[in-house]
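*Asks:*
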Amino acid sequence: MPKIGDIQLPEFPLLLAPMEDVSDPPFRALCKEQGADVVYTEFISSEGLIRDAAKSVMKLDIYEKERPVGIQIFGANLESMLQSVEIVEKSNPDIIDINFGCPVKKVVSRGAGAGILKDIDLMVSLTKAMVEHSNLPITVKTRLGWDDDSIKIVEVAERLQDVGCAAISIHGRTRAQMYKGNADWNPIREVKNNPRMHIPVFGNGDVDSPEAAMKMRDEFGLDGAMIGRASIGYPWIFREIKHFFETGTHLAPPTMEERVDAARRHLQMSIDWKGETLGVFETRRHYTNYFKGIPNFKEYRMKMVTSDDSASVFEAFDEVLEKFGDHEFTLS
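Written as structure tokens, this is what we have:
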């Protein structure tokens, strides 16, 4: 069974991916309840941390019920990254993860995230320095390469391992692909099959069903699955995958009552954590998936995503439960 440093994980663990404005404490709590084995924070700018930027510092909030939890940071400047490690350690996470995979232009243009895939030597040296600077396990999340002509992930993963990286999560797309097309897990399998690799190799990208997770485990032989977009507004994907692994059958989809309860709790936890305005705004992206598959739902969805006060959103939840409470969800 895989280990990250001294952290023993179950066989084929399911990891919640770090996602900007998604993987916050309220959502991580819901995913943890539904079976996520490891959760990661939103990615945090090393430059923001050392400048004590409020938004970056707030993302350091972690809670005991989340463990094991990893804090993910990004940057391309060695001094800033090392300073940020010292700041992160004060929050006492179980893992520090380095983002070498974010494809967003504003991150890449600074040479951070997936931008560092153009400079593998820097990627390796940054990782090495961070490993030497911290007693916590340092892990990496990255992509296959910058583009189709520069995929060297087998070599890159081995070099990262050799400088002390404790685990690697690989998204099966290049930076050039962004999130388009299908994820290619074959290069990730090549990393895992490299006889020199001994750290856990986790797959990421298009793990959107129990069957996909089982394929990643059984056909590609990876050590675990990192789940991102498929969990947005649907934390139940973790329990559904685990049920499928254990029984070979599909778990019934969550009922309308479960969905409304999760949405209500999600919103309330978000307000408690980040205040009314941000809590209402940043929870909106989840509602489409919370209530996916309900006919004639547009009126209620619009109320949820356009209301600026939580009372109106809570009211919409009550209306949905009253009107659609007996709606039966089917497996898609």
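Counting along the sequence shown from 1, when you hit position 166 you're at 166 in full-length UniProt numbering, and nothing is skipped either side.
Just so it is clear, CB atoms sit at the ideal spot from N, CA and C, and this is done for glycine as well.
1. Let me know the secondary structure DSSP gives Glu66 once reduced to three states.
2. Taking Phe314 as the reference, which of Gly101, Met269, His327 and Ala29 has the closest Cα?
3. If you follow the beta strand (DSSP E) that Thr139 is in, where does it begin and where does it stop?
4. Assuming Asn194 and Glu240 are in contact, meaning their beta carbons sit under 8 Å apart, how far apart are those beta carbons, in whole angstroms?
5. If distances are taken between C-alpha atoms only, which option among Gly145, Thr249 and Phe220 comes closest to Thr174?
6. Here's the rule I'm using: 16 or more other beta-carbon atoms within 10 Å means buried, otherwise exposed. How should His198 be labelled?
7. Please report the residue range of the beta strand (DSSP E) in which Val40 lies.
8. What is the residue span of the beta strand (DSSP E) that Ile170 lies within?
9. Cα separation between Val305 and Ala263?
10. Taking the continuous beta strand (DSSP E) assigned at Ile116, which residues delimit it?
11. Alpha carbon to alpha carbon, how far is Glu132 from Val124?
12. For the stretch 51 to 58 against the stretch 250 to 265, are there 3 or more C-beta pairs whose distance is under 8 Å?
13. Whether or not the stretch 9 to 28 and the stretch 147 to 155 are in contact is what I'm after, with contact meaning three or more pairs of Cβ atoms, one per stretch, closer than 8 Å; do they touch?
14. Please list, in chain order, all residues of the same chain as Leu60 whose beta carbon is under 6 Å from its beta carbon, the five residues on each side excluded.
15. Report yes or no: do the stretch 107 to 117 and the stretch 82 to 89 share at least 3 C-beta pairs separated by less than 8 Å?
16. Verify whether the separation of the beta carbon atoms of Ala167 and Pro200 is less than 8 Å.
17. Restricting to runs no shorter than 4 residues, where is the alpha helix (DSSP H) found entirely within the stretch 159 to 243?
18. Using a Cβ-Cβ cutoff of less than 6 Å, which residues in the same chain neighbour Tyr234 once the five nearest sequence positions on both sides are dropped?
19. When burial is assigned at 16 or more other CB atoms within 10 Å of the CB, is Glu66 buried or exposed?
20. Compare the Cα-Cα distances from Pro2 to each of Ser169, Ile151, Ala129 and Gly115 and report the closest residue.
21. Which partner residues of Ile95 appear in the DSSP bridge assignment?
22. Which whole-angstrom value describes the C-beta separation of Lys303 and Ala316, a residue pair presumed to lie in contact below a C-beta threshold of 8 Å?
23. Around the C-beta of Asp162, are 16 or more other C-beta atoms found within 10 angstroms, so that it is buried, or is it exposed?
24. Who are the near neighbours of Lys152 in its chain, counting only those whose CB is closer than 8 Å to its CB and skipping five residues on each side?
25. Quick one: Cα of Glu319 to Cα of Trp185, how far?
26. Indicate the three-state DSSP secondary structure (helix, strand or coil) for Leu82 in the structure shown.
27. Looking only at C-alpha atoms, which of His286, Asp326, Thr249 and Ile227 sits nearest to Arg265?
*Replies:* In short:
1. Indexing the sequence shown from 1 puts residue 66 at position 66. In the three-state reduction of the DSSP assignment, Glu66 falls in the helix class, which pools H, G and I.
2. The residue you call residue 314 lines up with position 314 of the sequence shown. Here the closest residue by C-alpha is Met269.
3. In the sequence shown, counting from the first residue as 1, residue 139 sits at position 139. Ile138 to Arg143 is the span of the beta strand (DSSP E), which, as asked, contains Thr139.
4. Counting from 1 along the sequence shown, the entry for residue 194 is found at position 194. Counting from 1 along the sequence shown, the entry for residue 240 is found at position 240. About 31 Å; that fails the 8 Å criterion.
5. Working through the sequence shown from its first residue, we reach residue 174 at position 174. Ranking the options by Cα distance to Thr174, first place goes to Gly145.
6. Counted from its first residue, the sequence shown places residue 198 at position 198. Flag for His198 reads exposed.
7. Within the sequence shown, residue 40 is the residue found at index 40, counting from 1. The identity of residue 40 in the sequence shown is Tyr, whereas the question assumes Val. Residues Val38 to Ser45.
8. Within the sequence shown, residue 170 is the residue found at index 170, counting from 1. Here the beta strand (DSSP E) through Ile170 covers Ile168 to His171.
9. Position 305 of the sequence shown, counted from the first residue, corresponds to residue 305. Position 263 of the sequence shown, counted from the first residue, corresponds to residue 263. About 12 Å.
10. Here residue 116 corresponds to residue number 116 of the sequence shown, with the count starting at 1. First-last for Ile116: undefined, no H or E at that position.
11. Taking the sequence shown and counting its residues from 1, the one referred to as residue 132 is at position 132. Taking the sequence shown and counting its residues from 1, the one referred to as residue 124 is at position 124. Distance between the alpha carbons of Glu132 and Val124: 12 Å.
12. no
13. no
14. Taking the first residue of the sequence shown as 1, we reach residue 60 at position 60. Ser91, listed in sequence order.
15. no
16. Locating residue 167 in the sequence shown gives position 167, counting from the first residue. Locating residue 200 in the sequence shown gives position 200, counting from the first residue. Yes, Cβ-Cβ distance for Ala167 and Pro200 is below 8 Å.
17. 186 to 193 and 210 to 218
18. As a working mapping, residue 234 is identified with position 234 in the sequence shown. Hits under 6 Å: Asn289.
19. Counting from 1 along the sequence shown, the entry for residue 66 is found at position 66. Its Cβ being crowded by 16 or more others within 10 Å, Glu66 is buried.
20. On the sequence shown, position 2 is the one that residue 2 refers to. Taking only the C-alpha atoms, the option nearest Pro2 is Ser169.
21. For this step, residue 95 is matched to residue 95 along the sequence shown. Paired residues: Gly70.
22. In the sequence shown, the residue the question calls residue 303 occupies position 303. In the sequence shown, the residue the question calls residue 316 occupies position 316. With a Cβ gap of about 4 Å, Lys303 and Ala316 count as contacting.
23. Within the sequence shown, numbered from 1, the residue matching residue 162 stands at position 162. With fewer than 16 Cβ atoms within 10 Å of its Cβ, Asp162 is classed as exposed.
24. As a first step, residue 152 is located in the sequence shown; it is residue number 152 there, counting from the start. Once the five neighbours on either side are set aside, the close Cβ partners of Lys152 are Ile120 and Gly145.
25. Counted from its first residue, the sequence shown places residue 319 at position 319. Counted from its first residue, the sequence shown places residue 185 at position 185. When rounded, the distance between both Cα atoms is 43 Å.
26. In the sequence shown, residue 82 corresponds to position 82, counting from 1. In the structure shown, Leu82 sits in a helix (DSSP, three-state: H, G or I).
27. In the sequence shown, counting from the first residue as 1, residue 265 sits at position 265. The candidate whose alpha carbon is nearest that of Arg265 is His286.
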